[in-house]
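All remarks here apply to the structure that follows.
In the numbering used here, the protein residues as written are 606 to 807.
In structure tokens form, the structure reads like this:
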């Protein structure tokens, strides 16, 4: 029986095309990944269940906090790297809950916002703060990060206080921090930033 080279060649071409299409098809992780909404500092970004606006950034080596008791000494909270705080206006719009934040470095590493107790600033540290619809909140998210993570970093926000949910909005704010801007922030950084309430400060 003669070999039908034309059919064999057609089958091989079809196999190559199918393999190529499969490689180009998005993976399950890609199909269920959070949907990114790009934004810029100083501008409000509207996500599915919240709106967010990033304001001023500030660096510090340590924070000076209220004493734990009325007659105790003030506390100093040091960073393993450097503290970066981001002033943020945030509001939940569909259902009450939490809005989480993370810093994504240029190399892809992700640094979650420090928990509510670091620093423990009731009503100001927005991490794990329960937000009610119709009641905007103004405060800050705090990040203990290596200095090297700042250049080219993005701030990201999402519904909930865990990890970003699949198929939900992930607000991505390019902080536009180049080497010169990071250096300027470091020059302006206080060795210890006083975050005590007015009645506790001398």
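We put the CB at the ideal spot given by N, CA and C, even for glycine.
Since the model is a prediction, treat every value here as computed from it, not as a measurement.
Proximity test, residue i beta-carbon vs the ligand SAM heavy atom, cut-off 6 Å
i: residue 799; result: Of the ligands one can find in the structure shown there are none, so the ligand SAM has no counterpart to examine.
CA-to-CA distance, residue j to residue i, given in whole angstroms
i: residue 702; j: residue 617; result: 55 Å
i: residue 773; j: residue 744; result: 24 Å
i: residue 799; j: residue 723; result: 14 Å
i: residue 756; j: residue 788; result: 10 Å
i: residue 656; j: residue 649; result: 7 Å
i: residue 738; j: residue 658; result: 16 Å
i: residue 793; j: residue 646; result: 19 Å
i: residue 674; j: residue 690; result: 26 Å
i: residue 728; j: residue 782; result: 28 Å
i: residue 746; j: residue 784; result: 22 Å
i: residue 780; j: residue 697; result: 22 Å
i: residue 590; j: residue 748; result: Residue 590 is absent from the model: the chain starts at 606 and stops at 807.
i: residue 771; j: residue 671; result: 39 Å
i: residue 764; j: residue 742; result: 15 Å
i: residue 786; j: residue 711; result: 15 Å
i: residue 716; j: residue 684; result: 13 Å
Distance between beta carbons of residue j and residue i, contact taken as under 8 Å
i: residue 666; j: residue 797; result: 7 Å
i: residue 695; j: residue 736; result: 7 Å
i: residue 791; j: residue 664; result: 6 Å
Residue i burial status per 10 Å Cβ neighbour count (16 or more: buried)
i: residue 704; result: buried
i: residue 640; result: exposed
i: residue 652; result: buried
i: residue 795; result: exposed
i: residue 718; result: buried
i: residue 769; result: buried
i: residue 802; result: exposed
i: residue 676; result: exposed
i: residue 753; result: exposed
Cβ-Cβ distance between residue i and residue j below 7 Å
i: residue 661; j: residue 682; result: no
i: residue 644; j: residue 778; result: yes
i: residue 699; j: residue 730; result: no
i: residue 776; j: residue 762; result: yes
i: residue 709; j: residue 759; result: yes
i: residue 725; j: residue 766; result: no
i: residue 678; j: residue 669; result: no
Cβ of residue i within 7 Å of any chain D Cβ
i: residue 747; result: Reference to chain D is not applicable here, since this structure consists of a single protein chain.
Please give the ranges of any beta strand (DSSP E) in the stretch 739-778, keeping only runs that are unbroken, at least 3 residues long and fully inside the region.
742-750 and 759-764
Entirely within the stretch 680-718 and at least 3 residues each: give me those beta strand (DSSP E) ranges in chain order.
680-697, 704-709 and 715-717
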